[in-house]
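Under UniProt numbering, the residue at position 133 of the sequence shown is numbered 133, and the numbers go up by one with no gaps.
Working notes, structure below.
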Amino acid sequence: MNTTMLVNNPSFVVAGIFLVFILLELACSALRQPSSGRRDVLIEVIGSGILVAVTFPSVMWLSGRILSLAVPEMRGALATLPWVAGFALFLVLDDMTQYWWHRLTHRVPALYALHRAHHSAPYMSIRIVYRNNSFYYLLMPGIWLSGMLIYLGLAPVYYVYLIIKMTVIFAAHSSVPWDDKLYRIRMLRPLVWVLERTISTPATHSAHHGLTADDGVTHYKGNFGNLLFFWDVLFGTAKITRRRPPAYGIEHLKPITWKEELFWPIVRSRRASPKVSATQEVNP
1 MNTTMLVNNP
11 SFVVAGIFLV
21 FILLELACSA
31 LRQPSSGRRD
41 VLIEVIGSGI
51 LVAVTFPSVM
61 WLSGRILSLA
71 VPEMRGALAT
81 LPWVAGFALF
91 LVLDDMTQYW
101 WHRLTHRVPA
111 LYALHRAHHS
121 APYMSIRIVY
131 RNNSFYYLLM
141 PGIWLSGMLI
151 YLGLAPVYYV
161 YLIIKMTVIF
171 AAHSSVPWDD
181 KLYRIRMLRP
191 LVWVLERTIS
201 TPATHSAHHG
211 LTADDGVTHY
221 KGNFGNLLFF
231 WDVLFGTAKI
241 TRRRPPAYGI
251 EHLKPITWKE
261 ELFWPIVRSR
271 RASPKVSATQ
281 EVNP
């Protein structure tokens, strides 16, 4: 498989990085969570499989196809753009828009229904990275915009960008607390101070997955950043404690079936939906 094929099929890159972190958790005996069960396995395997095998490649193809029909003369128009400028475009059009999409799903009840599967796991692990409703990524603007930038000639930039972004995201969700060791090294304190305000780390992102805000660490109404935690710092949603919540999960919402978590609104339970006013925020 040559480099061009990998660039045009970024799913291979994502799968490779994902495998590395799975092996890391296995090596640290951290992959098998004691509180996980059949329900969690189904959500994680099916949800991840749909994204990697169907949603991501489909959106990549469709976004390019739309532009090829609408503006065929624009194919490769940004190919001569300086590499740094192209990378900055992905940071803004993919990572920053994902921050706002993520933030919005925690504010709008109907959108949170597409994201709650990611938070219903009572643990942190590489396993939960793609644990979302099957429509969550289909509606994510950043993936569509990335596909369009690739059509415009920035595929080589995206190849590098994707490696960096997915490495950070996987590392932030991992149950292996690699940042703890950095905090203990005195000479690295200035660097770590900058690092934890720039990218997502296990400490800052685990706070977003905490069960209850009463523990003093959990911040599920913030720490939305994916690659860059800087967006949280910039837009006022950051909380840094360098600690991890004692428990993970969803506060104030009753559990639903794994089928509903993955396939809502196609699959709905018969229970009455909770009424939420226009000014009320979703708790998780």
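Ideal Cβ positions, reconstructed from N, Cα and C, are used throughout, including at glycine.
For this session: Step through the CB atoms of chain C and report whether any lies within less than 8 Å of the CB of Thr212.
Result: Of the protein chains in the structure, only one exists, and it is not chain C.
For this session: Less than 8 Å between the CB atoms is what I'm expecting for Ala207 and Thr241, so what's the real figure, rounded?
Result: Position 207 of the sequence shown, counted from the first residue, corresponds to residue 207. Position 241 of the sequence shown, counted from the first residue, corresponds to residue 241. Ala207 to Thr241, Cβ: 7 Å. Contact.
For this session: Could you spell out where the alpha helix (DSSP H) holding His118 opens and where it closes?
Result: What you label residue 118 is simply residue 118 of the sequence shown in a count that begins at 1. For His118, the enclosing alpha helix (DSSP H) has its first and last residue at Arg116 to His119.
For this session: Compute the Euclidean distance between the alpha carbons of Trp193 and Thr201, then round it to the nearest angstrom.
Result: As a position in the sequence shown, residue 193 is number 193, starting the count at 1. As a position in the sequence shown, residue 201 is number 201, starting the count at 1. When only Cα atoms are considered, Trp193 and Thr201 end up about 12 Å apart.
Problem set entry | Contact set for Val233: own chain, Cβ-Cβ below 7 Å, skip 5 residues either direction | Taking the first residue of the sequence shown as position 1, residue 233 is located at position 233. Cβ-Cβ distances below 7 Å link Val233 to Arg197 in the same chain, with the five nearest sequence neighbours on each side left out; the list follows chain order.
Problem set entry | Unbroken alpha helix (DSSP H) run spanning Phe224, endpoints | Position 224 of the sequence shown holds residue 224. That residue, Phe224, is in no alpha helix (DSSP H); it is neither H nor E in DSSP.
Exercise. Quick one: what does DSSP say Tyr248 is sitting in, helix, strand or coil?
Worked result: Walking along the sequence shown from the start, residue 248 turns up at place 248. Under the three-state reduction of DSSP output, Tyr248 falls in the strand class.
Exercise. Nearest to Val14 by CA position, among Leu93, Leu62, Ile22 and Met166, is which residue?
Worked result: Sequence index remark: in the sequence shown, residue 14 carries index 14 (1-based). In this structure, Met166 is the residue among Leu93, Leu62, Ile22 and Met166 with its C-alpha nearest to the C-alpha of Val14.
Exercise. What separation, rounded to the nearest whole angstrom, lies between the Cα atoms of Tyr123 and Tyr248?
Worked result: Position 123 of the sequence shown, counted from the start, is the residue given in the question as residue 123. Position 248 of the sequence shown, counted from the start, is the residue given in the question as residue 248. One alpha carbon belongs to Tyr123, the other to Tyr248, and they sit about 5 Å apart.
Exercise. Any idea what DSSP makes of Gly16, helix, strand or coil?
Worked result: As a working note, residue 16 is residue 16 in the sequence shown. The answer is helix: DSSP assigns Gly16 an H, G or I state.
For this session: Check Ile143 in the structure and name its three-state DSSP category.
Result: Locating residue 143 in the sequence shown gives position 143, where the first residue counts as 1. Ile143 falls in the helix class under three-state DSSP.
Exercise. Quick one: what does DSSP say Leu234 is sitting in, helix, strand or coil?
Worked result: Within the sequence shown, residue 234 is the residue found at index 234, counting from 1. Three-state DSSP puts Leu234 in a helix.
Exercise. What separation, rounded to the nearest whole angstrom, lies between the Cα atoms of Pro109 and Val52?
Worked result: One-based indexing of the sequence shown puts residue 109 at position 109. One-based indexing of the sequence shown puts residue 52 at position 52. One C-alpha to the other measures close to 26 Å.
Exercise. Using DSSP with H/G/I as helix, E/B as strand and the rest coil, what is Ile240?
Worked result: Position 240 of the sequence shown, counted from the start, is the residue given in the question as residue 240. Per DSSP, reduced to three states, the secondary structure at Ile240 is coil, with no helix or strand assignment.
Exercise. Where Ser134 and Phe263 are concerned, what is the direct C-alpha to C-alpha distance, given to the nearest angstrom?
Worked result: In the sequence shown, counting from the first residue as 1, residue 134 sits at position 134. In the sequence shown, counting from the first residue as 1, residue 263 sits at position 263. Those two C-alpha atoms are separated by around 6 Å.
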